[in-house]
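Chains A and B, in that order, are what the protein sequence lines are.
For the first sequence, position 308 (counting from the first letter as 1) is numbered 308 according to the working numbering, and the numbering increases by one without interruption.
For the second sequence, position 319 (counting from the first letter as 1) is numbered 1319 according to the working numbering, and the numbering increases by one without interruption.
Note that beta-carbon positions come from the ideal geometry of N, C-alpha and C, so glycine has one too.
Below: one structure, written as structure tokens.
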Amino acid sequence: MAKKNADSVKQKRSIVKISNRSKQIVVKNPIAEAEDEEKVALDAIVYNETADEIQSVDDEEDIMEQEQGDEKEEVPDTIRNRAKQRCLVLCSRGVTARYRHLLEDIRNLLPHHKKDAKLDTGRGTGGLGRVVNEIAEIKSCNSVLFLECRKRTDCYMWLSETPQGPSAKFHISNVHTMDELRLTGNCMKGSRPVLSFDESFRRVPHLKLLRLLFIDIFGTPKGHPKSKPFVDRVMAFYYADKKIWVRNYQILEEQAANAKEVASMKHNDGLSTSLVEIGPRFVMTPIRIFGGSFGGQTLYQNADFVSPNEVRSQRLKSLSHIYEDRKNAQVKRRERQSKMVVPEDPLASVFK
Amino acid sequence: SSIKFSSFSCFIGRGKNNNIAQQLLRSTNIYFTMTSGTKRKLKSARDERSKLSKVTLEEIEGISSDDEKEDDLRHPKRPAAKSRRGIEMGADNDEEEEGELEARALRQAIMEGAFDKFKHDDDSESEQDEDDHSNNNEEEEEEEDDEEEDDEEQSENIPEESQLPASATSNINSKALSAKSEELSSRFGSSWVETFDIMSTDPLPFNDKYTKLDVHDDLKREVAFYNMALAAVHEAKEKCKAANVLFTRPDDFFAEMMKTDDHMAKVKDRLIFETKKISAFEQRKANAEHKLRAKEVRQHKTSEKNKRKKQHMEEVSEWAKSAAQNRGSARSDDEDKQFLTGMGKNPLEKSAKRQAMDKKYGHGGKKGKFKQMDKKTINDMSSFNPRGNFASGGMKKKSSMKKNKGAERPGKNKRMAAKQKKKN
């Protein structure tokens, strides 16, 4: 049985090999190439979901050890764990078009995502957190990006590490999706981004935690089968005005067009790099950070956050005084009219 | 304390120095409602004293420097008498005195400690205000909190902030936060290549006291973001080089892109459209300017022409005057008259145009030459045809006069011979 599986897996491995080769135009020494392929193939195997194949991985390893001996590359555990990152990306029911497009864009950005249908937590299902955690468990995902839209206007984003990890709730605003024609950049689907963080992510304690969350979710794990080799884009997170601003840029490097330019570039050591914005871009206001997934101890609560409901109610209240003032003024006018009585002029009828 | 507040409230709403009272009220967070009467008076006072800027207590002390009142100041232990007098005086219509009495009473009240309760909050509130107004260092705030948290050992609510209205400091459980973040970071491997994350060392310029970049200034904010990202890219590139990770994508590497080709075509169209718009606008501007310039030039030319004409006419009239002066002499004036009327031109002389027309069409036109007889042609009988075909004239014989060049052409052999001769 083991051998049969091994054969099937070997076949799969070969398929993976071919596809990888067609995609990559990499000039390396053959030994290194072989090693790389093995490694990539191994990681690819890891992602196959059926239990048989997962078992066969171990068998495969044993066989590989027998075959290769010294030359086999040890894949360390931490890297394996990191490569197993799967992010569940879903939204709630009642999401408007803009946020739906945002979610689609995020799914494009994250090659390690798992899609799920719209979540509608009815009554008696035990609350949002429990439901999402269950779904994540079923799909064997270890992180969740959940977009919740309330009253068809306010959008909240939950980022969470599902088994026991921390989770965070944000309020999303100023969304510009990739569809906008002003955002002219483009990048490879599945290329690993460079994640750039602001200096505040080094100092502020709750931002330190958020940075790790972002790396887990927005950073593509190395060796993922859908990931591409070159570095094409930067995903930048900034902290300003107590909000987190997210930007996505494409890295454009000027390549030498002719030999002259190549020579000059070698001299000056300058391939001028420039950035073009791809999108999407949005602003996250952190509301709360929880110790558990979708619940648990509150690690951080942003007291400066005013919920959009409150904002709306304040605005409406401020408008209410117009009516009040008008009514008061009317009452006063009536009073004044009644009080102001012009005394009778005794000489009024003189010149009639 | 309630008594003090009531005495205080007596003075509010009267007189011109309500500004002080308002200031104090604002800073101490006492809110109370004013009746409409006081509102009206306040408004009138404000209108009258529109030029008066915020009056501080120091200024008031300077104002109220009458001897009587100074004595009163130095004896703070007579509150009841003071207030009584204040009320009595308030009954008068002398508003200035009222104001000064108000100030005095307030000062007295402060010294007695009416506002001690609010002193602490006063400071913290003003601090808060400062923080809110300037682009604040939230770091300071949070460090303060951290210290507090360390004192209070993992308690979640910070009790001090209950008094402050809206901007309470955030709830941070820093120990748990750091514990969690350590847990998470242990999951990542030690190599940078796994995470590809770069943290910049320079802070964003929004909190800078020197540049004072506003977060809401879109263009500059995006520029700051761009610069930071670019710096991060450079750093990442170097790290990749060190870690032997391929960075630059070669031009011939084809892969599926996030935005489809159709979408990029639309983007391109839009960019082209925008550039066209800009260029059209600039063209229109240039045209308008050019038109203006052209108009100016044209105007200039016509004005010059008119000037010249005017000058010429003046000269002529001057000459005419001088000529008129010399009229009485014996010389005949016919020439001059002619000259004057013709304006300097020989009347018999034909214009250039006329001459050209005469040359072309005069004396019988093109045919006319042939119709004229001269010495040679008078005895020339070549055109005489005894048969008498009368379609004569010099013109129509041209076609028959034409030689038959084809018949005159020598044969091939002769032509070849001639060629050979030429060569030799």
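Problem - Three-state secondary structure (DSSP) of A/ASN302 - result: Assignment of A/ASN302 by DSSP, reduced to helix, strand and coil, places it in the coil class.
Handout entry: Coarse secondary structure for A/ILE278, derived from DSSP in three states
Key = A/ILE278 falls in the coil class under three-state DSSP.
Handout entry: Proximal chain A residues relative to B/VAL1215, where beta-carbon distance stays under 8 Å
Key = Within 8 Å Cβ-Cβ: ALA240 and ASP241.
Handout entry: Contact set between B/ASP1202 and chain A, taken where Cβ atoms lie within less than 8 Å
Key = Within 8 Å Cβ-Cβ: GLU199.
Handout entry: Within 7 Å of chain B by C-beta, residues of the segment 303–317 of chain A in sequence order
Key = Those residues of the segment 303–317 of chain A that come within reach of chain B (Cβ to Cβ, closer than 7 Å) are ALA303 and ASP304.
Exercise for the section: Report the neighbours of A/MET284 on chain B: residues whose CB is nearer than 7 Å to its CB, in chain order. Expected result: Near A/MET284 there are no residues of chain B at all, since even the closest Cβ is about 14 Å away, more than 7 Å.
Exercise for the section: Evaluate A/GLY185 with the Cβ neighbour count: other Cβ atoms within 10 Å of its Cβ, from every protein chain shown; 16 or more gives buried, anything less gives exposed. Expected result: Classification of A/GLY185: buried, given that the 10 Å Cβ count is 16 or more.
Practice task
Starting from A/HIS113, follow the alpha helix (DSSP H) in both directions and report where the run begins and ends.
Solution key: That residue, A/HIS113, is in no alpha helix (DSSP H); its beta strand (DSSP E) goes 113–115.
Practice task
Would you list the residues sitting across from A/TYR238 in a DSSP beta bridge?
Solution key: Partner(s): A/TRP245.
Problem - Euclidean distance between Cα positions of A/ASN142 and A/LEU275 - result: Near 32 Å, if we compare the C-alpha coordinates of A/LEU275 and A/ASN142.
Practice task
Identify, in the order they occur along the chain, each residue of the same chain with its Cβ nearer than 8 Å to the Cβ of A/ARG152, setting aside the five sequence neighbours on each side.
Solution key: Spatial neighbours of A/ARG152 in its own chain (CB-CB distance under 8 Å, excluding positions within 5 residues in sequence) are listed in chain order as GLY94 and THR96.
Handout entry: Beta-carbon gap between A/ASP154 and A/PRO308 smaller than 8 Å
Key = Contact annotation: A/ASP154 and A/PRO308 have beta-carbon atoms nearer than 8 Å.
Practice task
State whether the segment 1222–1234 of chain B contacts the segment 236–244 of chain A, with contact taken as three or more CB pairs (one from each stretch) at a distance under 8 Å.
Solution key: Between the segment 1222–1234 of chain B and the segment 236–244 of chain A there are three or more C-beta pairs closer than 8 Å, enough to call the two in contact.
Handout entry: Any 3 or more C-beta pairs closer than 8 Å across the segment 281–300 of chain A and the segment 237–252 of chain A
Key = Three or more pairs of CB atoms, one per stretch, sit closer than 8 Å, so the segment 281–300 of chain A contacts the segment 237–252 of chain A.
Practice task
Would you please verify whether the beta carbon of A/THR162 is less than 8 Å from any beta carbon of chain B?
Solution key: With its beta carbon at least 8 Å from every one in chain B, A/THR162 lies outside the interface.
Handout entry: Which listed residue (B/GLN1325, B/GLY1388, B/LYS1376 and B/VAL1267) has its alpha carbon closest to that of A/GLU180
Key = B/VAL1267 is the residue among B/GLN1325, B/GLY1388, B/LYS1376 and B/VAL1267 whose C-alpha sits nearest the C-alpha of A/GLU180.
Exercise for the section: At 9 Å on the CB atoms, spell out the chain A contacts of B/PHE1281, in chain order. Expected result: Residues of chain A whose Cβ lies closer than 9 Å to the Cβ of B/PHE1281 do not exist, since the nearest Cβ in that chain is about 19 Å away.
Problem - A/LEU88 at chain B interface by Cβ criterion, 8 Å - result: Not one beta carbon of chain B lies nearer than 8 Å to the beta carbon of A/LEU88.
Practice task
Would you grab the beta carbon distance between A/CYS91 and A/LYS118 for me? Rounded to a whole angstrom, and I think it's under 8 Å.
Solution key: Contact between A/CYS91 and A/LYS118 holds: CB atoms are separated by about 6 Å, below the 8 Å threshold.
Handout entry: C-alpha distance - B/LYS1239 paired with B/VAL1245, whole-angstrom precision
Key = Approximately 8 Å between the Cα atoms of the pair.
Exercise for the section: Report the residues of the segment 174–186 of chain A with a CB closer than 9 Å to any CB of chain B, ordered along the chain. Expected result: Across the segment 174–186 of chain A, CB contacts with chain B closer than 9 Å involve MET178, ASP179, LEU181, ARG182, LEU183, THR184, GLY185 and ASN186, in sequence order along the chain.
Exercise for the section: In the DSSP assignment, find the unbroken alpha helix (DSSP H) run with B/ASN1227 in it and report its ends. Expected result: Counted as a single uninterrupted DSSP element, the alpha helix (DSSP H) harbouring B/ASN1227 occupies residues 1218–1242.
Practice task
Note down, in chain order, each residue of its chain lying with its Cβ closer than 7 Å to the Cβ of A/HIS112, except the 5 sequence neighbours on either side.
Solution key: The residues are GLN85, ARG86, CYS87, THR220, PRO221 and HIS224.
Problem - For B/PRO1250 and A/GLU254, the rounded distance between their alpha carbons - result: Straight-line measurement puts the Cα of B/PRO1250 at about 11 Å from the Cα of A/GLU254.
Practice task
List the whole-angstrom C-beta distance separating A/SER293 from A/GLY190, where the pair is believed to meet the contact cut-off of C-beta under 8 Å.
Solution key: That belief does not hold up - the Cβ atoms of A/SER293 and A/GLY190 are roughly 27 Å apart, past 8 Å.
Practice task
Could you tell me if B/ASN1157 is buried or exposed, where buried requires 16 or more neighbouring beta carbons within 10 angstroms of its beta carbon?
Solution key: Bear in mind that the predicted position of B/ASN1157 carries a pLDDT of just 40, short of 50, making it unreliable; the figure below should be weighed with that in mind. Exposed, because fewer than 16 other Cβ atoms sit within 10 Å of the Cβ of B/ASN1157.
Problem - Cβ distance (whole Å) where B/ILE1198 is taken to contact A/PHE197 below 8 Å - result: Contact between B/ILE1198 and A/PHE197 holds: their C-beta atoms lie close to 7 Å from each other, under 8 Å.
Problem - Cβ of A/ASP325 within 8 Å of any chain B Cβ - result: In terms of beta-carbon proximity, A/ASP325 stays away from the interface with chain B, with every pair separated by 8 Å or more.
Handout entry: Three-state secondary structure assigned by DSSP to A/MET188
Key = Note: A/MET188 maps to strand in three-state DSSP.
Exercise for the section: Mark B/LEU1292 as exposed unless 16 or more other C-beta atoms lie within 10 angstroms of its C-beta, in which case mark it buried. Expected result: Answer is exposed; the Cβ neighbour count stays below 16.
Exercise for the section: Tell me whether the beta-carbon of B/THR1201 lies closer than 8 Å to the beta-carbon of A/GLU199. Expected result: Judged by beta-carbon spacing, A/GLU199 lies within the 8 Å limit of B/THR1201, meaning their Cβ atoms are closer than that value.
Practice task
Quick one: which residues of the segment 1243–1254 of chain B get their C-beta closer than 8 Å to a C-beta of chain A? List them in chain order.
Solution key: Answer in chain order: VAL1245, LEU1246, PHE1247, THR1248, ARG1249, PRO1250, ASP1251, ASP1252 and PHE1253.
Handout entry: Own chain partners of A/LYS23 with C-beta closer than 7 Å, once the 5 adjacent residues on each side are dropped
Key = Reliability fails at A/LYS23, whose pLDDT of 44 lies under 50, so the model's placement of it is uncertain and the value that follows must be treated cautiously. Excluding positions up to five away in sequence, the list is empty.
Practice task
Just the chain B side, please: which residues come within less than 9 Å of A/LEU147 by C-beta, in chain order?
Solution key: The contacting residues do not exist; A/LEU147 stays about 19 Å from chain B at best.
Practice task
Mind checking which residues open and close the beta strand (DSSP E) that includes A/ARG86?
Solution key: Boundaries cannot be given for A/ARG86, as no beta strand (DSSP E) includes it and DSSP labels it neither H nor E.
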